[in-house]
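Before any comments, here is the structure.
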Amino acid sequence: MSGSGSEDAAVTVVWASGTEPALARRLIREAIAAPGRSSPEVRLTHLCPYCGSGQHGRPLLSVPGHPVPVPFVSVSRGGGVTVVALCRQGHVGVDVEADGAADSAGFARVALHPDEHSSAGDTVLWVRKESLLKATGHGLRVEPSRLRVSAADEPPALVEWIGPGAPPVAWLYDVRTAPGHVAAVTVLAPRRPAIVVRPARGEPAPTTTA
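Residues 542 to 751 in the working numbering are what the sequence shown spells out, letter by letter.
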């Protein structure tokens, strides 16, 4: 579950407008490029932990010739925006949606925990849960209604996980990306890492660190 801890490992989050497939690789290159050096080439594949398919599942990053350990990576596209998150300390998940994307009765029926109530913050709850299930590798094989997260106006945290599969520790962050969007990042690591959020080069909209 979530909790407090020392912030001693960086998570890097980079975002940009657009959803074309090549954009995610460009953002990853920007995130891992050494200061003053050109961005390395990267390969992004997938591996399903359940069926072994390479057509879906948790993304896997490889960087030919890269001399340091390759970070864990997650990619999300929503509302015309692409976000990537990288972490060397443990699995990471990210999700982004246009604000209000979950404002529907259908969302409440399939995604809210019995002790959660539909509100204007439904999309915040949705991206928190999606980021968590991406980090654990479950995806939607675990029903989001089994997860209870903190209220949208409270610091993000996993409050309850009904049934098996809960991670021993999960650090949740609300992050700011493009205006009119909400996003969240989850990291599975022994201690809470610091997180840096920034727009891609050439992206005009500012962002802040969560």
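Beta carbons: idealized from backbone N, C-alpha and C, even for Gly.
- Cβ contact annotation for L653 (same chain, cutoff 7 Å, sequence separation greater than five): S659 and S686, in chain order.
- Collapsing the DSSP output to three states places D715 in a strand.
- Assigned with DSSP and collapsed to three states, A639 falls in strand.
- Counting only the Cα atoms, T677 lies some 14 Å from Q630.
- Uninterrupted beta strand (DSSP E) stretches at least 3 residues long and entirely within the segment 554-629 occur at 584-588, 599-603, 613-619 and 622-628, given in chain order.
- Inclusion of A711 and V668 in the CB contact set at 7 Å is not warranted, their separation being larger than that value.
- For V690 against V624, the beta-carbon gap comes to about 19 Å, at or over 8 Å, which does not count as contact.
- Taking the C-beta atoms as reference points, G680 is found nearer than 7 Å to L674.
- Check the Cα spacing between R742 and each of A639, I703, S645 and L568: the tightest is with L568.
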